[in-house]
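Colleague:
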Amino acid sequence: MPPTPNYGKGLRGLSLATVVTLSVAFALVFFYAPLDADQGFVQKIFYLHVPLAIVALCGFILGGVFAIGHLRTGERIWDMRSYVAIHMSLIFAVGALITGSIWAKASWGHWWVWNEPTLVSFLIVFLLFATYQPLRFSIDDPERQGRYASVFAIVAAAFVPLNFIAVRLAQGFVHPRVLTLGGGNLPGPMRLTFLISLAGIALLFATLWKYEMTAKHTRMQLRALRRRVLGEDTVRPLGRSAAPS
Amino acid sequence: MTALVVAVAPALPLHTAGKYVAGAYIVFVALLLIYVAIMGIRLRRTERDLVELGRELDRRRDADSGRDLEPVP
Numbered sequence: 002m003p004p005t006p007n008y009g010k011g012l013r014g015l016s017l018a019t020v021v022t023l024s025v026a027f028a029l030v031f032f033y034a035p036l037d038a039d040q041g042f043v044q045k046i047f048y049l050h051v052p053l054a055i056v057a058l059c060g061f062i063l064g065g066v067f068a069i070g071h072l073r074t075g076e077r078i079w080d081m082r083s084y085v086a087i088h089m090s091l092i093f094a095v096g097a098l099i100t101g102s103i104w105a106k107a108s109w110g111h112w113w114v115w116n117e118p119t120l121v122s123f124l125i126v127f128l129l130f131a132t133y134q135p136l137r138f139s140i141d142d143p144e145r146q147g148r149y150a151s152v153f154a155i156v157a158a159a160f161v162p163l164n165f166i167a168v169r170l171a172q173g174f175v176h177p178r179v180l181t182l183g184g185g186n187l188p189g190p191m192r193l194t195f196l197i198s199l200a201g202i203a204l205l206f207a208t209l210w211k212y213e214m215t216a217k218h219t220r221m222q223l224r225a226l227r228r229r230v231l232g233e234d235t236v237r238p239l240g241r242s243a244a245p246s
Numbered sequence: 006m007t008a009l010v011v012a013v014a015p016a017l018p019l020h021t022a023g024k025y026v027a028g029a030y031i032v033f034v035a036l037l038l039i040y041v042a043i044m045g046i047r048l049r050r051t052e053r054d055l056v057e058l059g060r061e062l063d064r065r066r067d068a069d070s071g072r073d074l075e076p077v078p
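From first to last, the protein sequence lines are chains P and G. For the first sequence, the working numbering begins at 2 and goes up steadily by one. For the second sequence, the working numbering begins at 6 and goes up steadily by one.
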């Protein structure tokens, strides 16, 4: 019998690290980072919006990497990991879209600007991954559902860096460019605050991913235990679901 | 300690863009709370299933021990 993974292990430490890092990050945002000379106080949204967007995009790629694991090994647990990573990334992407929209309203006077490549490309990536759950839901057979979802996750994850590069090459620089591979244009205190915010949001993603994996795994274990102890007929059928079973 | 931090902290220009910044951070907290609430509901369902399984096991054990005590004809 293969060893049962223990997703709850280290969850307490990870949660504590997340709380501490996010608390420090928000304290730095409001009491340490200087006001931006151009945008003023509105720029404080940057420390929340950009990490949310970066972590969401990385989460989509992570979902694709887990999906490769599923197609290579055929083990359902990789499908579950991929599903949870994409599910979490969608939530973070919603946060990035809403906070970005608020920033756009404060900064440009519009909730949304359709001719800005960064905004539209992020929306396209979000909508692409938003079809992942309906795709899963449309397939009854769990084996086929997992396989098709993994193929979709890999292709969509490959689209994320391509999309990012295309946007960088675009000329419509209305959206502020403060992060580059060469270190960016952020002064020291702002960069430190941003990096700690990014670490905090990344830790939050890791904590929630682990939390959801633990919850789903516990539920699966409970069903398996019920089946083993009380017999197959005592377990209610799950019915059609987008989540791996 | 908190008073010291507040005393040395720069004044926040809340009158200008404060509502937007507050709105963005409230959205973040609200999303987090909604997620935790949904996870809480799922956890309660798992707990209920676990209690149900425990009851079912007790019922079967009682039934088995009752059979053991029956006199052999």
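Every residue gets a Cβ at the ideal spot worked out from N, C-alpha and C, and that includes glycine. Here the structure is a predicted model, which means the values were calculated and not measured.
(1) By Cβ distance below 8 Å, which residues in the same chain neighbour residue 36 of chain P in space, the five residues on each side in sequence not counted?
(2) Assuming residue 19 of chain P is part of the alpha helix (DSSP H), what are its boundary residues?
(3) Which one or two residues does DSSP pair with residue 41 of chain P in a beta bridge?
(4) Distance cutoff 8 Å, beta carbons only. Does residue 69 of chain G sit that close to anything in chain P?
(5) Counting only runs of 4+ residues fully inside the stretch 116-163 of chain P, write out the alpha helix (DSSP H) ranges in chain order.
(6) Cβ atoms of residue 96 of chain P and residue 206 of chain P: under 8 Å apart, would you say?
(7) What residues in its chain sit with their C-beta under 6 Å from that of residue 199 of chain P, if we drop five residues either side in the sequence?
(8) Residue 57 of chain P and residue 93 of chain P: beta carbons closer than 8 Å?
(9) Using 8 Å as the Cβ pair cut-off and three pairs as the minimum, do the stretch 150-161 of chain P and the stretch 64-82 of chain P touch?
(10) Below 8 Å between beta carbons: does that hold for residue 113 of chain P and residue 102 of chain P?
(11) Going by beta carbon distance, what residues of the same chain come within less than 6 Å of residue 247 of chain P, once the five residues before and after it are set aside?
(12) Give a yes or no on whether the minimum CB-CB distance between residue 54 of chain G and chain P is below 8 Å.
(13) Does residue 138 of chain P pass the burial test, meaning 16 or more other C-beta atoms within 10 Å, or should it be called exposed?
(14) According to the neighbour-count rule (16 or more other Cβ atoms, all chains shown, within 10 Å of its Cβ), is residue 245 of chain P buried or exposed?
(15) Which residue's Cα is closest to the Cα of residue 77 of chain P: P:225, P:147, P:195 and P:132?
(16) From P:50, P:91 and P:18, pick the residue whose C-alpha is nearest to that of residue 31 of chain G; which is it?
(17) Can you name, in chain order, every residue of its own chain whose Cβ lies under 6 Å from the Cβ of residue 204 of chain P, other than the five neighbours on each side?
(18) Return helix, strand or coil for residue 245 of chain P, following the three-state DSSP convention.
(19) Taking one C-beta from the stretch 43-55 of chain G and one from the stretch 219-231 of chain P each time, how about it: are there three or more such pairs within less than 8 Å?
(20) Could you spell out the range, first to last residue, of the alpha helix (DSSP H) harbouring residue 212 of chain P?
(21) Considering only residues of the same chain and omitting the five flanking positions on each side of residue 10 of chain P, which have a CB-CB separation below 8 Å?
(22) Return the CA-CA distance between residue 136 of chain P and residue 88 of chain P, expressed in angstroms with no decimal places.
(23) In chain order, what residues of the same chain lie with their CB nearer than 7 Å to the CB of residue 2 of chain P, ignoring the 5 residues before and after it?
(24) Taking the C-alpha atoms as reference points, what is the distance between residue 126 of chain P and residue 72 of chain P?
(25) What did DSSP end up calling residue 113 of chain P once you bin it into helix, strand or coil?
(26) By the criterion of Cβ-Cβ separation under 7 Å, what are the contact partners of residue 47 of chain G in chain P?
(27) Using alpha carbons as the reference points, say which of P:216, P:218, P:197 and P:230 lies closest to residue 28 of chain P.
(28) Could you check if residue 59 of chain G is buried or exposed, using at least 16 other CB atoms within 10 Å of its CB as the buried criterion?
(29) Can you tell me whether residue 82 of chain P is buried or exposed? The criterion is at least 16 other CB atoms within 10 Å of its CB, across all chains shown.
(30) If residue 194 of chain P and residue 30 of chain P are in contact, beta carbons under 8 Å, what's the gap, nearest whole angstrom?
Modeller: Put simply:
(1) The answer, listed in chain order, is 42 and 44.
(2) Note, residue 19 of chain P: alpha helix (DSSP H), 12-32.
(3) DSSP, once it has assigned bridges, lists P:37 as partnering residue 41 of chain P.
(4) For residue 69 of chain G, the answer is no, since every Cβ of chain P falls outside 8 Å of its Cβ.
(5) Counting whole runs of 4 or more residues, the stretch 116-163 of chain P contains the alpha helix (DSSP H) stretches 118-131 and 133-138.
(6) For the 8 Å CB-CB criterion, residue 206 of chain P and residue 96 of chain P do not form a contact.
(7) The beta carbon of residue 199 of chain P is closer than 6 Å to those of 52 in its chain, skipping five residues each way along the sequence.
(8) In this structure, residue 93 of chain P lies closer than 8 Å to residue 57 of chain P by Cβ.
(9) Under the Cβ criterion (8 Å, minimum of three pairs), the stretch 150-161 of chain P counts as touching the stretch 64-82 of chain P.
(10) Using a Cβ distance threshold of 8 Å, residue 113 of chain P and residue 102 of chain P count as a contacting pair.
(11) The requested residue 247 of chain P is not part of the displayed model; chain P covers only 2 to 246.
(12) Taking a beta-carbon distance threshold of 8 Å, residue 54 of chain G counts as an interface residue toward chain P.
(13) Per the 10 Å Cβ criterion, exposed.
(14) In the assembly as shown, residue 245 of chain P is a buried residue. Its beta-carbon has 16 or more other beta-carbons within 10 Å.
(15) Checking every option, the nearest Cα to that of residue 77 of chain P belongs to P:147.
(16) Ranked by how close their Cα comes to the Cα of residue 31 of chain G, the residues P:50, P:91 and P:18 have P:50 in first place.
(17) Excluding five sequence positions before and after residue 204 of chain P, the CB atoms of its chain that fall closer than 6 Å to its own CB belong to 18, 19 and 22, given in chain order.
(18) Assignment of residue 245 of chain P by DSSP, reduced to helix, strand and coil, places it in the coil class.
(19) Yes: the two stretches touch, three or more of their Cβ pairs being nearer than 8 Å.
(20) Run containing residue 212 of chain P: 189-231, per the alpha helix (DSSP H) assignment.
(21) None.
(22) Rounded to the nearest whole angstrom, the C-alpha separation of residue 136 of chain P and residue 88 of chain P is 13 Å.
(23) Confidence is the limiting factor: at residue 2 of chain P the pLDDT is only 47, short of 50, which leaves the residue's position unreliable, though a coordinate-based value still follows. For residue 2 of chain P, where only same-chain residues beyond five positions count, there are no Cβ hits under 7 Å.
(24) The alpha-carbon of residue 126 of chain P is positioned some 23 Å away from that of residue 72 of chain P.
(25) The answer is coil: DSSP assigns residue 113 of chain P none of H, G, I, E or B.
(26) Residues of chain P passing the Cβ test: 216.
(27) The option with the nearest alpha carbon to residue 28 of chain P is P:197.
(28) Residue 59 of chain G comes out exposed.
(29) With 16 or more Cβ atoms within 10 Å of its Cβ, residue 82 of chain P is classed as buried.
(30) Contact between residue 194 of chain P and residue 30 of chain P holds: CB atoms are separated by about 6 Å, below the 8 Å threshold.
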